[in-house]
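The next block holds one structure in the form of structure tokens; read it before the comments.
In our numbering, the protein residues as written are 4 to 346.
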């Protein structure tokens, strides 16, 4: 039997990920065998060269999303089979990019205008849901209109080829090594900056013209606390490298994200994070509105970073767990516990 490259595994993953787990595993096994048999047949008959046989076999199968839909006996007729796959991709991209941006902009405008009150959370949820519904409606309406425009076969949608397949969604050990080096390097820089706060500027605000950024009084508890968190982040980065992404790592990443975000937000809101001299330097060059907006932006960035970090970890967990359930041999998947890539 002819050996295949990761192109086959990528095709099988793209086709099976929309099916229920048990059905997806069976489908993945049958599809992988079908592809290998087709490759052997093409080489034996001379229809394709050994180098091009795999690509030709996948191109003959067509879009993996449509193949999976036909296997599940659930024709995608919301829009129509011709445009369904494209509609789904476009809708997911727009929803995940536009809705958070619209919601964040509305929430920021509420704080800047001074209209934030007890009902802000409810109004923000209304804006989030409304924008998501409107985007889904108009995107669907546009694709429905396009689907009903009569066209010739030559003017139909762009034919699918294996070149459209996404990269394998599971990071290799080499990729994890690069992530480990980057993570540890960043943590080393962070520790260096925190320690410099102690031995560079003095506690009275200035040494040789250098102002401290963080209040030296935080060394009584909070700065050592953040140094401990930094050590835990380094340990988790090593854990991720050694075991691969897992559900426990995603959960631990969420706990660490909260351990960073909650105290940081509290210190900013209560005015304890920055050194008095540093605050006075900036306040002298900012008007009242800017002084009000900057802490809001800082807190919003911290919260958004923590949320995004947790989402990335658990999304990666679900993805790797799903791929592991397909039982593919050509993709390196760590199945010890699941996944997580937020560290």
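Quick reminder that beta carbons are idealized off the backbone N, C-alpha and C, glycines included.
Quiz item: When the Cα of residue 230 is compared with those of 218, 247, 190 and 255, which residue comes out closest?
Solution: The residue among 218, 247, 190 and 255 with its C-alpha nearest the C-alpha of residue 230 is 190.
Quiz item: Is the Cβ-Cβ distance between residue 110 and residue 133 less than 7 Å?
Solution: No, the Cβ-Cβ distance between residue 110 and residue 133 is not below 7 Å.
Quiz prompt | DSSP beta-bridge partners of residue 140 | solution = DSSP, once it has assigned bridges, lists no residue as partnering residue 140.
Exercise. Compute the distance between the beta-carbons of residue 301 and residue 271, then report whether it is under 7 Å.
Key: The Cβ atoms of residue 301 and residue 271 lie closer than 7 Å to each other.
Quiz prompt | Cα-Cα separation, residue 210 to residue 310 | solution = With a pLDDT of only 47 at residue 210, under 50, the local geometry of the prediction cannot be trusted, and the value read off the model is given with reservation. Between residue 210 and residue 310, the C-alpha separation is close to 38 Å.
Quiz item: Since residue 243 and residue 179 are thought to touch, with beta carbons under 8 Å apart, how far apart are those beta carbons, to the nearest angstrom?
Solution: The beta-carbon distance between residue 243 and residue 179, rounded to whole angstroms, is 7 Å. This is short enough to meet the 8 Å contact definition.
Quiz prompt | Cβ-Cβ separation, residue 45 to residue 54 (assumed contact under 8 Å), whole Å | solution = No, residue 54 and residue 45 are not in contact; Cβ-Cβ is about 11 Å, not under 8 Å.
Practice problem: State the beta-bridge partners of residue 187 as determined by DSSP. | Solution: By DSSP's assignment, residue 187 forms no beta bridge with any residue.
Quiz item: Anyone know if the C-beta pair for residue 114 and residue 299 falls short of 7 Å?
Solution: Less than 7 Å divides the Cβ of residue 114 from the Cβ of residue 299.
Practice problem: Using a threshold of 7 Å, state whether the C-beta atoms of residue 147 and residue 82 are closer than that. | Solution: yes
Exercise. Please go through the region 214–283 and give each complete alpha helix (DSSP H) segment of 4 or more residues, from N-terminal end onward.
Key: 225–246 and 250–272
Exercise. Would you mind sorting residue 35 into buried or exposed? The rule is 16 or more other CB atoms within 10 Å of its CB.
Key: Here residue 35 is buried: its Cβ has 16 or more other Cβ atoms, across all protein chains shown, within 10 Å.
Self-check item: Coil, strand or helix - residue 110 by DSSP
Solution: helix
Practice problem: Return yes when the Cβ of residue 197 is within less than 7 Å of the Cβ of residue 221, no when it is not. | Solution: No, these two residues do not count as a Cβ contact at 7 Å.
Quiz prompt | Beta-carbon gap between residue 24 and residue 328 smaller than 7 Å | solution = yes
Quiz item: Do you know whose CA, among 142, 42 and 106, lies nearest residue 90's CA?
Solution: 142
Quiz item: Between the beta-carbon of residue 256 and the beta-carbon of residue 195, is there less than 7 Å?
Solution: no
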